[in-house]
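Take a look at the structure set out below.
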Amino acid sequence: MSFFFLVPVYIRAKLELWFSSWSFSFKILWVIMHTGKVHVALVASPGMGHLIPVLELGKRLVSHHGISATIFVVTMDASLSRSQLLKVSGITDDFLDVVLLPAVDISARVDKTTGILRQMAMMIHEALPSLRSAILAMEVQPIALIVDMFATEAFVVAEEFMMFKYVFVTTNAWFLALTVHGPNLDKEVDQDDHINNQKPIHIPGCEPVRFVDCYEQFLRRNKVYFRMGTEISTADGILVNSFYDLEPLTLAALHDTRKVGLAPKAPVYPIGPLVRPVELSLRGEVLRWLDMQRKESVLYVSFGSGGTLSAKQTIELAWGLENSQQRFIWVVRPPVENDSAATVFKSNGVNNDFLDYLPEGFLNRTCKNGLVVPKWAPQTEILSHPSISGFLSHCGWNSSLESIVNGVPMIVWPLYAEQKMNATVLAEHIGVATRSKLLAPKGVVGRDAIAAMIQKIMVDKEGEAIRAKVKMLKSCAVKAVSNGGSSYNALAIVAEECKIGMQRRNAKTG
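In terms of the UniProt record's numbering, the sequence shown opens at residue 1 and continues consecutively.
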């Protein structure tokens, strides 16, 4: 019988209050000690784009592979509460808990020139003492620490507690290949061939990375990015939110030690697609409007939780939507000049008066065919709706996977981070999207080009192959994560490694 079972109720209540000061759940501690389940910890970097796939990974480990998990969330938002996170994640399982680490404050050390990657690294570094203390406070310490790729500095904590180290790459395998291969490139050759002469980067076994597609931090030889690539290669395993039918060439290369497999010294496990499930209780204005539209007749337009357009580009997009004569839902944010990632870690104001930045008369002229929504909409529920037939997206990887699992073709419009690589994967490697020849945010994509892209993926014969390919991959995605599928089996291997590790730990201490 467990010690905690013998503790009087009123004392247990006080203990739970004490643990909650660390955002630690008494319930999961009680469950672990009673069931003997293998326990793992996960770390999510700041931002919904990192948090959502980490939450889904935790849920998948618990519901499909018999693991208990605690997810540590790094944030700079002091107003964020654990109850809000649980609501967002939909977590109800006794074997999964979310721990909100104390908010970090880096405001005194950043300015407008501090890039997203640098800010992310600073926040992770500031959160390490809290993470260390939270793990130390656990009665049953995790056997493994799974961090997203921007939190690899937390490996030092895993080493202190003799935990397995796994990294979860929440984007595509091609970006993983570039990241782990980058530190091995000769600095002088890379500088001369790729940056000065704008030649492609050749990664053994993979499609070459063109200069125009390359991740900006690679071009700058960012120390944080290259450190991240080196640390990923020291992991016991690398999980990637992709699947074999989506990126067969790159995943084969990552598994081949004669090719890029020499760079990551750990096995690579494609475990995707991990996306947030549809929440049936969400029935607001947007979904009611969709219910009234014809099947596969509506374009969904959104640039994610962090993307913004300039004022001129916002106007051109509005005219493009109107001129395409297709139905649409457009999630609009106030324009921001010269910063396509303006809302990644902050809001760009509360200006919801569309008249200030949309063409005069636009809302009246499009009121029968379009719905303009300020700042946010329930994306997962929208993309799964039968009325949706296309997605104009910034092609963040979460959004891209959500589109694929729902069989929705895309217009890809990369804005920041690795999104240019995502766009190339989707439009050229896989063939589920179209894109403008003009690379945003360097220039302005005109209304005629926008209208032509919309018509291509929604109605034109030219887009039939794209529409067919994405529906085929929708079926492949379902098979990959189902029992016995390639991604299911890959994650099962990781779970089994953790279980064996726990047995060995118990044998040594028992």
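We treat Cβ as the ideally placed atom computed from N, Cα and C, and that holds for glycine.
- Looking at the structure shown, is S23 part of a helix, part of a strand, or coil, going by DSSP? Below a pLDDT of 50, predicted positions are generally treated as unreliable, and S23, at 42, falls in that range; no measurement from the model is reported.
- Kindly indicate which residue of L96, Q141, E296 has the alpha-carbon position closest to the one of S389. E296
- Query: Taking the beta strand (DSSP E) that K165 falls in, what are its first and last residues?
  - Reply: 164-169
- Taking the beta strand (DSSP E) that L254 falls in, what are its first and last residues? Bounds of any beta strand (DSSP E) do not take in L254; it lies within the alpha helix (DSSP H) bounded by 248-255.
- Item | Secondary structure, alpha helix (DSSP H): runs of 4+ residues fully inside the stretch 116-167 | 116-136, 155-160
- Query: For the 8 Å Cβ check, are there 3 or more pairs between the stretch 60-80 and the stretch 492-506?
  - Reply: yes
- Task: Under 6 Å Cβ to Cβ from Y215, same chain only, skipping five residues before and after it: list those, please.
- Result: E418
- Cβ of M76 within 7 Å of Cβ of A103? yes
- Message: Just list the residues that DSSP pairs H39 with in beta bridges.
- Response: S68
- Task: Give the straight-line distance between the Cα atoms of T144 and P53, rounded to the nearest whole angstrom.
- Result: The amino acid occupying residue 144 in the given sequence is Ala; Thr does not appear at that position. Cα to Cα, A144 sits roughly 18 Å from P53.
- Could you check if N406 is buried or exposed, using at least 16 other CB atoms within 10 Å of its CB as the buried criterion? buried
- Item | Collapsed DSSP secondary structure at L274 in the structure displayed | coil
- Task: Starting from M76, follow the beta strand (DSSP E) in both directions and report where the run begins and ends.
- Result: Element bounds for M76: n/a, residue is neither H nor E.
- Span of the beta strand (DSSP E), counted from its first residue to its last, around residue 575: Residue 575 falls outside the range modelled here, since the chain spans only 1 to 510, and no answer is possible.
- Query: What is the DSSP secondary structure of M502, counted as helix, strand or coil?
  - Reply: helix
- Taking the CB atoms as reference points, tell me whether R333 and V298 lie closer together than 7 Å. no
- Query: Rounded C-beta distance between V169 and V240? I'm assuming under 8 Å.
  - Reply: 4 Å
- Item | Simplified DSSP state of W413, which is helix, strand or coil | Here W413 sits in coil by DSSP.
- Message: Among the candidates K456, A44, Y269, whose CA atom is the shortest distance from the CA of I71?
- Response: A44
- Task: Report back the beta-carbon spacing between W413 and L392 to the nearest angstrom; my notes put them in contact at under 8 Å.
- Result: 6 Å
- Keeping to the same chain, check which residues put their C-beta closer than 6 Å to that of Q455; ignore five residues upstream and five downstream. Same-chain partners within the cutoff: S324.
- Task: Can you tell me which of the three DSSP states F211 falls into?
- Result: helix
- By DSSP, does E497 sit in helix, in strand, or in coil? helix
- Specify, as a first and last residue, the run of the beta strand (DSSP E) that F328 falls within. 327-332
- Message: To test your reading of the DSSP string, which unbroken beta strand (DSSP E) runs of 3 or more residues are found completely within the stretch 351-386?
- Response: 370-374
- Three or more C-beta pairs closer than 8 Å, one from the stretch 265-284 and one from the stretch 222-237: is that the case here? yes
- Nonlocal neighbours in the same chain, by C-beta distance under 8 Å from P290, ignoring five residues either side: Note that residue 290 is Leu in the sequence shown, not Pro. Hits under 8 Å: V298, I329, I382, H385, S387, I388.
- Query: Exposed or buried, V212, counting other C-beta atoms within 10 Å across all chains shown (16 or more means buried)?
  - Reply: exposed
- Message: Rounded to whole angstroms, what is the Cα-Cα separation between M149 and K223?
- Response: 15 Å
- Task: State the DSSP-derived secondary structure class of L239, mapped to helix, strand or coil.
- Result: Strand, per DSSP.
- Task: Work out the CA separation of I195 and D97 for me, nearest whole Å.
- Result: A straight-line Cα-Cα distance of about 45 Å links D97 and I195.
- Return the residue from the list I430, S436, K474 that minimises the CA-CA distance to E247. Of the candidates I430, S436, K474, I430 places its Cα closest to the Cα of E247.
- Item | Euclidean distance between Cα positions of V167 and A173 | 13 Å
- Give a yes or no on whether the C-beta atoms belonging to P359 and I315 are separated by under 7 Å. yes
- Return helix, strand or coil for D97, following the three-state DSSP convention. strand
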